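Numbering-wise, the sequence shown is residues 26 to 102 according to our numbering. From the three backbone atoms N, C-alpha and C, an ideal C-beta is built for every residue, glycine too. Only a predicted model underlies this, so the values are computations on that prediction, with no experimental measurement involved. This report refers to the structure that appears directly beneath it.
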Amino acid sequence: MVKKPSGNKKRHNNRNFIRKNDKIRAREVRVIGSEGEMLGVMPPEEALKIAKSLGLDLVEVASSANPPVCRILEFGK
């Protein structure tokens, strides 16, 4: 018996995909600062400005929360 290809080869696994910086699509995000402090709920553009001013990245850490939770940190390359 020949196994039929599933066709999902070109899709990336959403569990391994991390949204960061301009890839965050929510209208509002809850932001945690680089020291663990709560910065509040704001548009991702505003949070990204804060992160960039610190030389860090904005990373979505809880996409299923309402609003999604993002943290300011050094993502690493």
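Beta-bridge partners assigned by DSSP to D82: L98. Of the other Cβ atoms in all chains shown, 16 or more fall within 10 Å of the Cβ of P93; this residue is therefore buried. If you check the CB distance, I57 and L79 do not come in under 8 Å.
Judged by DSSP in its simplified three-state form, A72 adopts helix.
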